[in-house]
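Student:
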Amino acid sequence: MNTKKVICSILISCSISAFTQDIRQTIRGSVTDLESRAPLCYATVAVYTDSVLAGAAISDSSGNFRIEHLPVGRYHIIASFMGYRQVVIHDVIINSSREVILHIEMEESPVALNEIDVIASEKKGTAMNKLAFVSSRTFSVEESERYAGSRGDPARMASNFAGVQGNNDSNNDLVIRGNSPLGVLWRLEGVNIPNPNHFGVSGTTGGPVTILNNRVLSVSDFLIGAFPGEYGNSIAGVFDLKMRNGNNETHEFSGQLGFLGTDLTAEGPISKKGRSSYLVAYRYSTLAIFRAIGIRIGTDAVPNYQDASFKLNFPVGERGNISLFGIGGLSRIDILSSEILDPNDDKIYGDEGMNEHFRTGMGVLGTNYTRTMGSNSLLRLTLSTSKDHQRNHLDKVYRHIEYDMFVIDSIREPFNGYRSDQDKYSLSLSWNWKISGKHALKLGLTEDLYGFGMHDSVFNESLYVYRTRLDHEGNGLLSQPYIQWKYKPSGRLSGTAGIHGQFLMLGNHLSKSVEPRMGLRYQINGKNSIGFGMGLHSQMLPTYIYFAELAGEDGYRVRPNAGLDFLRSYHNMLCWDYMPNPGLRFKVETYHQVLYNVPVEVVPSSYSVLDEGHDLSRFFPDSLVNRGKGNNYGIELTLERFFSRSYFFMVTASLFDARRTGSDGICYDAVYNGHTILNVLGSREFHWGNKRRSTFTIGGKITLAGNKRYTPLDVAVSDITGEAVYVDALRNTMQFRPYFRADVKLNYRLNTRKFTHEAGLDVINLTDRENILKQTYIRGNEKPVREVYQLGILPIFYYRIEF
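Right, here's the structure in full:
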């Protein structure tokens, strides 16, 4: 009894101590010129809580600043420097456990001191890449965690933005303005990288779980059209990701335990004298325990995965910097149809009637060197190597239905198997030259050298032999030079013009494209601005499509798609941006995208490659030719109140139409043509306790959208062939019922003197709505067409500690 009293006394004393001590923390960082990265000395950095000044500092001769003894809480930062546009950084959270380190880049104003600059500061959400005037915005770690249902995933977070829609609840594929998820490009530290998601299928851009750890990311960009000249090989969207540097003065650690796994993060100085730092994170997840206690995770199969990220940073003198970086992940899952006895069971994803053993992995390792050249130019060189592999082994389960239950007759091992290995060596070189306050030039080159190893074979039941669909070892080279000019004749008007080149050598075939890009932005007054962007864009297909094999007339295997050209598009858009006050934004964008050179089948049919990528599977079309077309247009609305005074909200709405034409010359709805998307989300913070150290946040999101389209099944022909056969003439004429999902997120954060504790619960699909994912065919069943549903209600919890 006395022991219990002693323990209780100690706990109470610690609690009282934690709440009575005055907990303060530091914000520090650097201020540099946007174009050249040259340090700006004597810049003013002020910290505000709401509208109250909490602290300020002046940058030194190296551009560094430090503001100490700030109480924990949420702040916004304002950086000012004579002759430069003011920078405002919102939603900076100071915790007791770690310093806040900011690297502020300021853009020189073309306005002379005796002129009136109509815009005093940079708008919240404006892209880090100042050559992107429309359809682009930044996102931060705080945003990826704040939005209900985002799960700390940049892609799921981006699905809340206007014009963007998640493809399904179980993976993070993005449908952007009616385009296939195949059109999304991922970049990390300036180089193009493979699909950074666990369980990603060859050629796709998404997956069920992201490999990216948002705790190691810095503020990054997301672009969805009319990209500046430096971006290529994409027709839909670009994630331009940056990794942050570790703390170069103090060692800091964090750990997290939750539904999606356990992860550990560490950072700190390698050499305080040399200002070098390390940042490393690791995560491991196994969901078997949750399956054992009956929590449904979207599939009866148990996914296993692990991933890691790191960045080492080494300043070289006063003007240079070298860093090493890397990310990687491994994943595996076994989806066994032989264990499913109920024909109406929809709790398993994968191929019907198959036992599937799926293994994936990807990794990126790179180094970059940056150097400020004088006071007006910046050189950046990045070298990287990456690897992307998949292994899939499928056994066919032969079964029949007896007394409303599956009875297994036999299992063919293997029925289908494939392996895909893609190695890539990349170079990215860029040079920024700030000619004057009005003119800036950027030149660059990206080189990707590919090495391929692909094999796929499937059992032919009628001939009782294995048929090879893919068997290739080889390489390819993708070169992308570009040049971009930026002109600011006044404080009101800015413009960019550029050219992007794209050249792909695969085997003996060369595809080439020269793509002009341009953008304009005009600041009408301090509250209103308009923007315009246009450009040509092109993209290569998933590499295995070029090497897929078919039987020729003479019996030999041929590769009919080896000479396919780029898929191409012309994109133009107009934007109006209205900010009645610094905390509220209303934005309207309208766009028109014309797609051409689209691969369609040689034989007249409704098929178009623009419909691919809507599920986690590869596709093996017949002989293709670049004769198809597509047409997307729409209008997007965003009303956003930035986080201040303890709450934020955002409403996005999209009205669009997406159509494409097959080789039969008929115009069809695209499979993603849902016409409407509406997102409403927000959150509210509540503070209590001494010095507001305890914070409780409740947030929510509602999504209502038109669902995907589908093609009716030809049941009679399917019964004869034993496989699903669809009515080609009725391609995408049917549509699943509207998609609806409500999410809610609860979060509690406690700051003590040395630790920050955080616990949260993110409830996906709060109403347990049965949204339709797809239809499948079950031969011999009384109802051969079965609807497969997306995730039901899914609670995701976590606990995090930082120190």
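To convert, take the position in the sequence shown, counting from 1, and add 44; that gives the working numbering. Every residue gets a Cβ at the ideal spot worked out from N, C-alpha and C, and that includes glycine.
Please check the pair SER649 and GLY706, which I expect to be a contact at CB under 8 Å, by giving their CB distance rounded to whole angstroms.
Tutor: What you label residue 649 is simply residue 605 of the sequence shown in a count that begins at 1. What you label residue 706 is simply residue 662 of the sequence shown in a count that begins at 1. Sure, about 6 Å apart at Cβ, within 8 Å.
Student: Helix, strand or coil for ASP492? Go by DSSP, reduced to three states.
Tutor: Translated into positions along the sequence shown, residue 492 becomes position 448. Three-state DSSP puts ASP492 in a strand.
Student: From the DSSP output, in three-state form, read off GLU826 for me.
Tutor: Taking the first residue of the sequence shown as position 1, residue 826 is located at position 782. In this structure, GLU826 counts as coil in the three-state DSSP scheme.
Student: Report the rounded CA-to-CA distance for PHE687 versus SER353, giving the unit in angstroms.
Tutor: Within the sequence shown, residue 687 is the residue found at index 643, counting from 1. Within the sequence shown, residue 353 is the residue found at index 309, counting from 1. One C-alpha to the other measures close to 29 Å.
Student: Does SER57 pass the burial test, meaning 16 or more other C-beta atoms within 10 Å, or should it be called exposed?
Tutor: In the sequence shown, the residue the question calls residue 57 occupies position 13. At SER57 the pLDDT is 39, less than 50, meaning the model places this residue with poor confidence and gives no usable figure here.
Student: Please state the DSSP three-state secondary structure of LEU838.
Tutor: For the purposes of this step, residue 838 is taken as the residue at position 794 of the sequence shown. Strand.
Student: Decide if the region 678-695 is in contact with the region 626-635; the criterion is three or more beta carbon pairs, one per stretch, under 8 Å apart.
Tutor: Taking 8 Å as the limit for Cβ pairs, the verdict is that the region 626-635 does touch the region 678-695.
Student: Let's test the definition: count the other Cβ atoms within 10 Å of the Cβ of LEU304 and tell me whether it reaches 16, buried, or not, exposed.
Tutor: Here residue 304 refers to the residue found at position 260 of the sequence shown. Answer is buried; the Cβ neighbour count reaches 16.
Student: With three or more C-beta pairs closer than 8 Å as the rule, is the region 491-500 touching the region 461-477?
Tutor: Touching, per the Cβ criterion.
Student: Compare the Cα-Cα distances from GLU802 to each of GLY397, ASN139, ASP66 and report the closest residue.
Tutor: Within the sequence shown, numbered from 1, the residue matching residue 802 stands at position 758. Selected option, being the one with the closest Cα: ASN139.
Student: Based on Cα-Cα distance, which residue from TYR712, ARG259, GLN434 lies nearest to ASN675?
Tutor: Your numbering for residue 675 matches position 631 in the sequence shown. Taking only the C-alpha atoms, the option nearest ASN675 is TYR712.
Student: I'd like to confirm the pairing. Which residues does DSSP put opposite ASP806 in its beta bridges?
Tutor: Locating residue 806 in the sequence shown gives position 762, where the first residue counts as 1. Answer by DSSP bridge pairing, in chain order: LYS789, ILE840.
Student: With 16 other CB atoms within 10 Å as the buried threshold, where does ASP655 fall?
Tutor: Stepping through the sequence shown from its first residue, residue 655 is reached at position 611. Buried is the call here.
Student: With DSSP as the reference, identify every bridge partner of HIS615, one or two as the case may be.
Tutor: Numbered from 1 along the sequence shown, position 571 holds the residue referred to as residue 615. Paired residues: GLY579, GLN637.
Student: Roughly how far, in whole angstroms, is the beta-carbon of LYS818 from the beta-carbon of VAL832, given that I think they are within contact range, below 8 Å?
Tutor: Numbered from its first residue, the sequence shown carries residue 818 at position 774. Numbered from its first residue, the sequence shown carries residue 832 at position 788. Their Cβ separation, rounded to whole angstroms, is 5 Å, which keeps LYS818 and VAL832 in contact under 8 Å.
Student: Using the C-alpha atoms, what's the distance from GLU593 back to VAL602?
Tutor: Numbered from its first residue, the sequence shown carries residue 602 at position 558. Numbered from its first residue, the sequence shown carries residue 593 at position 549. Between VAL602 and GLU593, the C-alpha separation is close to 5 Å.
Student: Hey, is the region 502-516 in contact with the region 530-549, meaning 3+ C-beta pairs nearer than 8 Å?
Tutor: Because the criterion of three Cβ pairs below 8 Å is not met, the region 502-516 and the region 530-549 do not touch.
Student: ASP609 by DSSP, collapsed to three states: which one?
Tutor: Here residue 609 refers to the residue found at position 565 when the sequence shown is read from its first residue. Note: ASP609 maps to coil in three-state DSSP.
Student: Starting from ILE589, trace the alpha helix (DSSP H) both ways and give me its first and last residue.
Tutor: Locating residue 589 in the sequence shown gives position 545, where the first residue counts as 1. Run containing ILE589: 587-591, per the alpha helix (DSSP H) assignment.
Student: Per DSSP, what kind of secondary structure is ARG737 in: helix, strand or coil?
Tutor: By 1-based counting over the sequence shown, the position of residue 737 is 693. Coil at ARG737, not helix or strand.
Student: Using the DSSP secondary-structure output, state which residues sit across from MET406 in a beta bridge.
Tutor: Numbered from 1 along the sequence shown, position 362 holds the residue referred to as residue 406. Paired residues: GLY373, ASP432.
Student: Per DSSP, which one or two residues make a beta bridge with ILE133?
Tutor: Within the sequence shown, the letter at position 89 stands for residue 133. DSSP output for ILE133 lists ILE121 as bridge partner(s).
Student: Within the continuous beta strand (DSSP E) that includes GLU149, where are the two ends?
Tutor: Here residue 149 corresponds to residue number 105 of the sequence shown, with the count starting at 1. Looking at the DSSP string, the run of the beta strand (DSSP E) that includes GLU149 is 144-150.
Student: Alpha carbons only, please: which of VAL788, GLY127, ILE255, GLY276 is nearest the one belonging to ILE527?
Tutor: The count along the sequence shown starts at 1 and reaches residue 527 at position 483. When each option's Cα is compared against that of ILE527, the closest is GLY276.
Student: From VAL96 to PHE663, what distance separates their C-alpha atoms?
Tutor: To locate residue 96, count along the sequence shown from 1; it is residue 52. To locate residue 663, count along the sequence shown from 1; it is residue 619. Cα to Cα, VAL96 sits roughly 58 Å from PHE663.
Student: Given ASN412, which residues of its chain have a CB within under 7 Å of its CB, disregarding the five upstream and five downstream residues?
Tutor: One-based indexing of the sequence shown puts residue 412 at position 368. The answer, listed in chain order, is GLU233, GLY234, SER367, ARG424, LEU425, THR426.
Student: Please report how far the alpha carbon of GLU112 lies from the alpha carbon of TYR716, in whole angstroms.
Tutor: Looking up residue 112 in the sequence shown gives position 68. Looking up residue 716 in the sequence shown gives position 672. So the two alpha carbons sit approximately 51 Å from each other.
Student: Let me know if PHE730 comes out buried or exposed under the rule of 16 or more other beta-carbons within 10 Å of its beta-carbon.
Tutor: Position 686 of the sequence shown holds residue 730. It is exposed - the Cβ of PHE730 has fewer than 16 other Cβ atoms within 10 Å.
Student: Going straight from the alpha carbon of ASP439 to that of PHE402, what length do you get?
Tutor: Taking the sequence shown and counting its residues from 1, the one referred to as residue 439 is at position 395. Taking the sequence shown and counting its residues from 1, the one referred to as residue 402 is at position 358. Using only the alpha carbons, I get a separation of about 12 Å.
Student: List the endpoints of the continuous beta strand (DSSP E) containing PRO359.
Tutor: Taking the sequence shown and counting its residues from 1, the one referred to as residue 359 is at position 315. Segment 348-360, the beta strand (DSSP E) holding PRO359.
Student: Exposed or buried, GLU159, counting other C-beta atoms within 10 Å across all chains shown (16 or more means buried)?
Tutor: Your numbering for residue 159 matches position 115 in the sequence shown. At GLU159 the pLDDT is 43, less than 50, meaning the model places this residue with poor confidence; the figure from the coordinates comes in the next sentence. Under this definition GLU159 is an exposed residue.
Student: Does the beta-carbon distance from LEU580 to TYR614 come in below 7 Å?
Tutor: For the purposes of this step, residue 580 is identified with residue 536 of the sequence shown, where counting begins at 1. For the purposes of this step, residue 614 is identified with residue 570 of the sequence shown, where counting begins at 1. It is a contact, given that the beta carbons lie within the stated cut-off.
Student: Just verifying my parser: in three-state terms, what is the DSSP assignment at PHE181?
Tutor: Numbered from 1 along the sequence shown, position 137 holds the residue referred to as residue 181. Correcting the residue type first, residue 181 is Arg in the shown sequence and not Phe. ARG181: strand per DSSP, three-state reduction.
Student: Could you pull the DSSP bridge partners for GLY743 from this structure?
Tutor: To locate residue 743, count along the sequence shown from 1; it is residue 699. Partner(s): SER727, LYS789.
Student: Helix, strand or coil for ARG662? Go by DSSP, reduced to three states.
Tutor: For the purposes of this step, residue 662 is identified with residue 618 of the sequence shown, where counting begins at 1. Reduced to three states, the DSSP call for ARG662 is coil.
Student: I'd like to know whether the C-beta atoms of PHE799 and SER141 end up nearer to each other than 7 Å.
Tutor: In the sequence shown, the residue the question calls residue 799 occupies position 755. In the sequence shown, the residue the question calls residue 141 occupies position 97. Yes, the Cβ-Cβ distance between PHE799 and SER141 is below 7 Å.
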